[in-house]
Amino acid sequence: MGKYYDLLMKDYRLKEGLNACINCGTCTAVCPAAEFYRYDPRRIVDIVQSKDDAEIEKLLRSDTIWYCGECMSCVTRCPRKNAPGLIVMALRSLSIDLGFFIDSEKGRQQYLLSKDLCSNILDYGYCVYPRRFDYAGHPESGRIWEWEEKHLDDVFDRLGGNLDGDGPGVMRKIPQEDLDELKRIFDETGATERMENVRKAGERKAEEMGLSIEEFSSKVYNETNPKHLNQ
Amino acid sequence: MIYEGKQKVWSDYQKDIPDDHYFYVRSCIRQSFFPASEVTFLDITRNRLGKDIFETEHHTTCGGIAYHSDTIPQETVMTIIARQFALMAKNGYENYVCSCITSFGLYCETMETWREFPEEEARIKDILWKTCKLDFAKPKYLIHASDLVYKYRNLIAAQAKHKLINVKTGKPLKVVEHIGCHYSKMFPSKGVGGAEYPYVLVGMIEAWGGEIVDYPERRHCCGFGFRQYFIKGNRGYSLSNTYKKFESMEPFHPDLIITNCPGCPYFMDRWQYVIAESTGRTYGEEGHGIPVLTYEEVAGLVMGYDPWDLGLQTHQIDSEPLLDKMGIEYDPAQKYAGKNGKDIGSPICPTCLK
Amino acid sequence: MKNNVLIIGGGPAGIEASAQLQRLGYNVILIEKGSSLGGHLSKWDRLFPDGVHADGVLSSMLKNMSGVKSFTDTQVKSINRLDKSYNVILSNGISVLADAVLLASGFTLFRAEKKEEYGYGIYDHVITNADLEAYFSIGSDSRIDKPKKIGFVHCVGSRDEKAGCRACSKVCCATAVKQACEMKEEFPDAEVYCFYMDLRMFGRHYEDLYLKAQKEYGVRFIRGRVAEVSENADGSLQVKAEDTFSSKPLKVTLDLLVLMAGMRPSDAGRRVGDLLGMSVEEDGFFAVRDSVTSNQRSPLPGVFLAGTATGPKTLPETIADARGASMEIDRYLTDVFPQASDYKKLIREKW
Chain A
37 MGKYYDLLMK
47 DYRLKEGLNA
57 CINCGTCTAV
67 CPAAEFYRYD
77 PRRIVDIVQS
87 KDDAEIEKLL
97 RSDTIWYCGE
107 CMSCVTRCPR
117 KNAPGLIVMA
127 LRSLSIDLGF
137 FIDSEKGRQQ
147 YLLSKDLCSN
157 ILDYGYCVYP
167 RRFDYAGHPE
177 SGRIWEWEEK
187 HLDDVFDRLG
197 GNLDGDGPGV
207 MRKIPQEDLD
217 ELKRIFDETG
227 ATERMENVRK
237 AGERKAEEMG
247 LSIEEFSSKV
257 YNETNPKHLN
267 Q
Chain B
9 MIYEGKQKVW
19 SDYQKDIPDD
29 HYFYVRSCIR
39 QSFFPASEVT
49 FLDITRNRLG
59 KDIFETEHHT
69 TCGGIAYHSD
79 TIPQETVMTI
89 IARQFALMAK
99 NGYENYVCSC
109 ITSFGLYCET
119 METWREFPEE
129 EARIKDILWK
139 TCKLDFAKPK
149 YLIHASDLVY
159 KYRNLIAAQA
169 KHKLINVKTG
179 KPLKVVEHIG
189 CHYSKMFPSK
199 GVGGAEYPYV
209 LVGMIEAWGG
219 EIVDYPERRH
229 CCGFGFRQYF
239 IKGNRGYSLS
249 NTYKKFESME
259 PFHPDLIITN
269 CPGCPYFMDR
279 WQYVIAESTG
289 RTYGEEGHGI
299 PVLTYEEVAG
309 LVMGYDPWDL
319 GLQTHQIDSE
329 PLLDKMGIEY
339 DPAQKYAGKN
349 GKDIGSPICP
359 TCLK
Chain C
40 MKNNVLIIGG
50 GPAGIEASAQ
60 LQRLGYNVIL
70 IEKGSSLGGH
80 LSKWDRLFPD
90 GVHADGVLSS
100 MLKNMSGVKS
110 FTDTQVKSIN
120 RLDKSYNVIL
130 SNGISVLADA
140 VLLASGFTLF
150 RAEKKEEYGY
160 GIYDHVITNA
170 DLEAYFSIGS
180 DSRIDKPKKI
190 GFVHCVGSRD
200 EKAGCRACSK
210 VCCATAVKQA
220 CEMKEEFPDA
230 EVYCFYMDLR
240 MFGRHYEDLY
250 LKAQKEYGVR
260 FIRGRVAEVS
270 ENADGSLQVK
280 AEDTFSSKPL
290 KVTLDLLVLM
300 AGMRPSDAGR
310 RVGDLLGMSV
320 EEDGFFAVRD
330 SVTSNQRSPL
340 PGVFLAGTAT
350 GPKTLPETIA
360 DARGASMEID
370 RYLTDVFPQA
380 SDYKKLIREK
390 W
């Protein structure tokens, strides 16, 4: 029995998602990532079910498992009722817990994702918070967001929102006692621990690469090697 | 295309949607980018349909975006979800309505995991008590907000001031409907109409006079991809998938796109802008884009709400061509005005996109 | 008094068994719920692997049936065990005291519209294997319009947990390769693709057929299960599969798609099985007394099985199975009713 396979089988997403794959290719046929990246979810499921430690470790350290967009299109049609998308999520989870994610260019991006998304949840109770969604970092959000960002309070007021306000309403301020409960949930279920581990791994990697944290963050945010693409 | 074939599929996937007393939870992305949609949804449900829909200020995100970006473990998200359900029960409700599609998929996935692994449900119950002193509960009915509007689409049609019809030609508008992936791809039986030919938006469009456009990449993901969008280096994935959908729907010349997911309209709206600015390609008429609206916005337009109350001005693709087609009146001068006509300037125009 | 054998189902298995049992000297009654005998064979054009015409095979089988009392448009209304026999009341009002019952109820083709992602009954140019056989027999089908690119989808409703059928339907691969060759003959300029997961060419001459398909007809074989079918504005079909050999997703535009619908247990057969209290296995087909040595006997006394009622089979296998069932019935009746030997004599002149 492969030790990585055993670890993976502890994850409910593996228990739900792996039912023996017959390599029919239905998942890869409809996968958005398979069209654009050098990615094949069928092969990932085949490697996991082979229980081969060496191959699974390669996967956990690779860019490969980070190409998936978690759209779950693969789940709808698999004739064996497998869920490659869930299997990829379980692989990602293990890769983060073992610290392997930091090895790959795409995996390393977890440093920023963890920092931004978790802090949004703990600070505001939302995954996405408009005051933290800057036009400068997201020019694709359009001239409309460029304008909206400058007048956020007025726009929300106009549209009937309750931005940072008390009581119910759109984008309200979530009471501190509720945010405290979220923090306790994070502490108890391992989310805080994961945040910490990812942060420390990122800082270690930055030092290893001879970069300041700002340089490292910028590199992780902006760079992408063309070799990822399916040419 | 043989319509009767689709009707047989739709009749196989009916869903039990409760008729009143809803507990509403909001969507992070909907609130950020389409705040008026949620305002309109509650207004229609409470004041036009006369239903009881309750919101507590103590509810939070479900954590879905963080979960699908793999930043929080599954147990964390399951406990947050348990907390949301507990708040529902605490306030005396059993019909859970969520605004976000990713949330809906996640709620279904969590309940299914608890059903299959009762020991995990027991664990979460303990953690919930330990961290929040709340009693564990599960909703009797779990629906998405678009299911509610679908259920009452005929009541809305009865109160309609406008239809999805081109008033100049008298012909129905050609409408593309886009369903968020997490609505029914994981659990087809939980979606109205199933996964292949979902009916939740088709039903609305038909009730309101529009004509459905089916195109080859209809079921394809818009490309959000969570981490594939949030990290700039990955954004090409997101853009490419939306581009693929537009290239596929263009030969059908749709007048309008309706979606039921919070993220999808953002992407389908803004990527059109990016495609126009970087390549000059536009998909609407005469250099315009195809307007992408949320179902709440469309319900609002049909019922006669002012387009600027509905927040259409916060879309990058302008909706005026659509409003003109539908014969809806609007005051161009008030488009970007703040509350009570306050002048808050206006955005710079894109160079290519009209 | 001759013993009665009731055969339920007038397809190839029922026809063959009825002829055999009549020859052995029994009083054979055959009932068929449809208006004519022949089952699916009567609706087929040509058979694999050698392209023999189905109607020829059927008529030669029917010729051997003289003496058999057959009733079409007839079904079982009720059936009760009485001492050593079964009292069967038929829908035409006739009552039969059957000393042995042979259930040869055959199969129903998987309803391809249930694989919604393939669009059968929704898109204009998607048909099934049965539709194609009908096209070859009749000569026209509005969905077949001078196609230049034709695809065959293997395993529709088979090997598919989501469709409720884990089992392989056995005969569809050979049928697909046969039909691919026939389409190439019909439309020589068309490109023909077979999308398969595994190619089950298990029988005698099947691999020869596969080789012929590749060399003589240029049929293209793609190892990848069709995931999704959509319709373009002009009615042509967009088909997505993975080419698993190169590990890349592919998309093809086709003018016609043929779905190889699998074999499911017959609904009518299940109804009769329920009346008798017959058990079925997980795959939905009837349980047999022993899957190696006693495939034609049901666990119930005096009830026998033949043909696809016990699972997918080819036509030669069905005929052999029917002959085996006939032997089993003969042995059973001479054991249980020793007087049978008084009237039994082989009717030699027919053979």
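Chains as they are written, first to last, in the working numbering: chain A, 37 to 267; chain B, 9 to 362; chain C, 40 to 390. Built from N, CA and C at the ideal position, the CB exists for glycine as well.
Query                                                                                                                      : Result
Range covered by the beta strand (DSSP E) that runs through C/A139                                                         : A139 to L142
First through last residue of the beta strand (DSSP E) which encompasses A/G201                                            : Careful: A/G201 lies outside any beta strand (DSSP E) and carries neither H nor E.
Cβ separation of C/S81 and C/S74, assumed to be a contact under 8 Å, to the nearest whole Å                                : The pair is not a contact, with the Cβ atoms about 10 Å apart (cut-off 8 Å).
Beta carbon proximity, C/K389 to chain A, threshold 8 Å                                                                    : Bear in mind that a pLDDT of 49 at C/K389, under 50, signals an unreliable position, so the number given afterwards is only what the model happens to contain. No, C/K389 does not count as interfacial toward chain A.
Assigned exposure category for A/C63 - 16 Cβ within 10 Å defines buried                                                    : buried
8 Å Cβ cutoff, B/C116 in contact with chain A                                                                              : no
B/H323, buried or exposed, once every other Cβ within 10 Å from all chains shown has been counted against 16               : buried
Sub-8 Å separation of B/N103 and B/Y160 beta-carbons                                                                       : no
is_contact[B/M257, chain A] using C-beta, thresh 8 Å                                                                       : no
Residues sharing a beta bridge with C/F146, DSSP                                                                           : C/P304
Within 8 Å of chain A by C-beta, residues of the segment 282–298 of chain C in sequence order                              : D282, T283, S286, K287, P288 and L289
C/C475 in three-state terms, based on DSSP                                                                                 : With chain C represented from 40 up to 390, any question about residue 475 of chain C goes unanswered, as that position is not in the structure.
Backbone secondary structure at B/M334 - three-state DSSP                                                                  : helix
Cross-chain neighbours of A/Q145 in chain B, by beta carbon under 8 Å                                                      : R235, I239, G241 and N242
C/S57 beta carbon less than 8 Å from that of C/V107                                                                        : yes
Endpoints, the beta strand (DSSP E) within which C/Q114 is located                                                         : From DSSP, C/Q114 is part of no beta strand (DSSP E); its letter is neither H nor E.
Proximal chain A residues relative to C/M104, where beta-carbon distance stays under 9 Å                                   : The premise fails here: C/M104 is roughly 41 Å from chain A at the closest Cβ pair, so nothing lies under 9 Å.
Check whether A/H264 and B/I352 have beta carbons under 8 Å apart                                                          : no
Residues that DSSP places opposite C/K287 in a beta bridge                                                                 : C/D282
The segment 251–258 of chain C touching the segment 209–219 of chain B, judged by at least three CB pairs closer than 8 Å  : no
Three-pair Cβ contact test at 8 Å for the segment 63–74 of chain C versus the segment 100–114 of chain C                   : yes
Among A/I221, A/N59, A/R97 and A/R168, nearest to B/I135 - alpha-carbon criterion                                          : A/I221
Buried versus exposed call for B/H296 [16 or more other C-beta atoms within 10 Å across all chains shown]                  : buried
Option in A/D47, A/I80, A/Q145 and A/A126 with minimal Cα separation from C/S286                                           : A/I80
Close Cβ partners of C/D381 (< 7 Å) along its chain, the five nearest in sequence each way excluded                        : none
Interface residues of chain C facing A/T62 [CB-CB closer than 7 Å]                                                         : R264 and A266
Test: C/D180 CB closer than 8 Å to a CB of chain B                                                                         : no
Between the CA atoms of C/C212 and C/R239 - distance to the nearest angstrom                                               : 6 Å
B/V221 - DSSP class collapsed to helix/strand/coil                                                                         : strand
Inter-stretch contact at 8 Å, needing at least 3 Cβ pairs: the segment 103–111 of chain A / the segment 217–235 of chain B : yes
Status (buried if at least 16 other CB within 10 Å, exposed otherwise) for C/L250                                          : exposed
Minimum length 3: unbroken beta strand (DSSP E) runs contained in the segment 279–310 of chain B                           : 300–302
Chain-ordered chain A contacts of C/A280 [CB-CB under 7 Å]                                                                 : G61 and A65
Cβ-Cβ distance between A/R116 and B/C357 below 8 Å                                                                         : no
Residues near A/G161 in its chain [Cβ-Cβ closer than 8 Å; skip 5 each side]                                                : I210, D214, L215 and L218
Interface flag, B/I10 vs chain C, CB-CB below 8 Å                                                                          : yes
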